[in-house]
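See below for the structure under consideration.
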Amino acid sequence: SSGDMSPTVSMDELEHLAQNISKSHMETCQYLQEELQQSTWQTFLQDEVECYQSKPKEVMWQLCAVKITEAIQYVVEFAKRIDGFMELCQNDQIVLLKAGSLEVVFIRMCRAFDTQNNTVYFDGKYAGPEVFKVLGCDDLITSAYDFAKSMCSLHLSEDELALFSAFILLSSDRSWLQEKSKVEKLQQKTQLALQHMLQKHQRGEEILTKLICKVSTLRGLCSRHTETLSAFRAVYPDIVRAHFPPLYKELFGS
Amino acid sequence: KEKHKILHQLLQNSTSPVDL
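Written as structure tokens, this is what we have:
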């Protein structure tokens, strides 16, 4: 480590943290890699695609909100199992999850993404972007698919993906943190553990640089999601109020 | 706290993914 800001950590500590984060990721990843890989051949048939496309816009929005919420519940469990997270004050736990849980869902999307067919696992089968047409947010969908594709091109191992997810979740520059320096130390340790793991796996330095570049892409994706939701809510306030999952509303409400 | 009732609950519960 270098500079006053970097925490002093031993290799043992980094190894221990990496193990803890990998284990937490594997316990909460929602779908096992083998399950996902085995079902890549199961893509939606044309009539099934048309069935999604002919659903009323608000019904498809509700379905997607439910799926996102399910994925987020696993991310909350992931966060809870990361060493040090539950030692943060409750305000900061909430701040980090509010800002970062969807970002981790987008990162995890690459595990369920098939680059060959440009499809993602959704509602039991692999779906192309056309499945989501009725939502009326093609830009957001295309960006999410592009992000998953670019994450896949990095060929990260599950361990590396776990550490990158934790690094994103522990972002110390989120607004409204009360114990910013405590979060900063945790994030720095996670970054060191990620760096250590990349070196151990003999990945080049440029992988870390590429991953750091993803930070702003992820933030862009999430703000686009918020904007799209606001536009939807403006037209269908009662649908959101009465039919969207309470956790989704808590996270993205305002 | 009221504003983030469910998040608070999830953070306090000793849930596991199987329970979700």
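Taken in sequence, the protein lines are chains A and B. Following our numbering, the numbering of the first sequence begins with 1 at its first residue and continues without gaps. Following our numbering, the numbering of the second sequence begins with 255 at its first residue and continues without gaps. All residues carry an ideal CB built from backbone N, CA and C; glycine is no exception.
- Cβ proximity to chain B below 9 Å picks out Glu-27, Thr-28, Cys-29 and Gln-30 from the region 25-40 of chain A.
- Secondary structure of Val-9(A) (DSSP, three-state): coil.
- Counting along the chain, Ala-112(A) sits inside no alpha helix (DSSP H), nor does DSSP assign it H or E at all.
- About 36 Å separates the CB atoms of Cys-152(A) and Cys-89(A); that is not less than 8 Å, and the two are not in contact.
- Linking Val-75(A) to Val-66(A) through their CA atoms gives a straight-line distance of about 14 Å.
- Listed in chain order, the positions of the region 91-118 of chain A with a beta carbon within less than 8 Å of a beta carbon of chain B are Gln-93, Ile-94, Leu-97 and Lys-98.
- Taken atom to atom, the span from the alpha-carbon of His-25(A) to that of Gly-253(A) is near 27 Å.
- In the structure shown, Lys-125(A) adopts extended strand secondary structure according to DSSP, grouped into three states.
- Note that the C-beta distance between Trp-176(A) and Val-104(A) is not below 7 Å.
- Beta-bridge partners of Val-120(A) (DSSP): Phe-113(A) and Ala-127(A).
- Within the same chain, and ignoring the five residues on either side of Phe-147(A) in sequence, the residues whose Cβ sits closer than 7 Å to its Cβ are Phe-106, Thr-217 and Leu-221.
- Distance from the Cα of Lys-125(A) is smallest, within the candidate group Gln-37(A), Val-134(A) and Leu-135(A), for Gln-37(A).
- Taking 7 Å as the cut-off, the Cβ atoms of Lys-189(A) and Leu-17(A) count as close.
- Relative to the Cα of Glu-34(A), the nearest Cα in the group Ser-54(A), Ala-234(A) and Ala-112(A) belongs to Ala-112(A).
- Contact of Glu-250(A) with chain B by beta-carbon distance below 9 Å involves Lys-257, His-258, Lys-259, Ile-260 and Leu-261.
- By the Cβ-count criterion, Met-197(A) is buried, with 16 or more other Cβ atoms from all chains shown falling within 10 Å of its own Cβ.
- Pro-246(A) reaches chain B at Ile-260, counting residues in chain order whose Cβ is nearer than 7 Å.
- With a 10 Å radius around the Cβ and a threshold of 16 neighbouring Cβ atoms, Trp-41(A) comes out exposed.
- Nearest to Phe-85(A) by alpha-carbon distance, out of Lys-182(A), Asp-123(A), Asn-117(A) and Glu-130(A), is Lys-182(A).
- For Met-60(A), the enclosing alpha helix (DSSP H) covers residues 57-81.
- At least 7 Å separates the CB of Val-66(A) from every CB of chain B.
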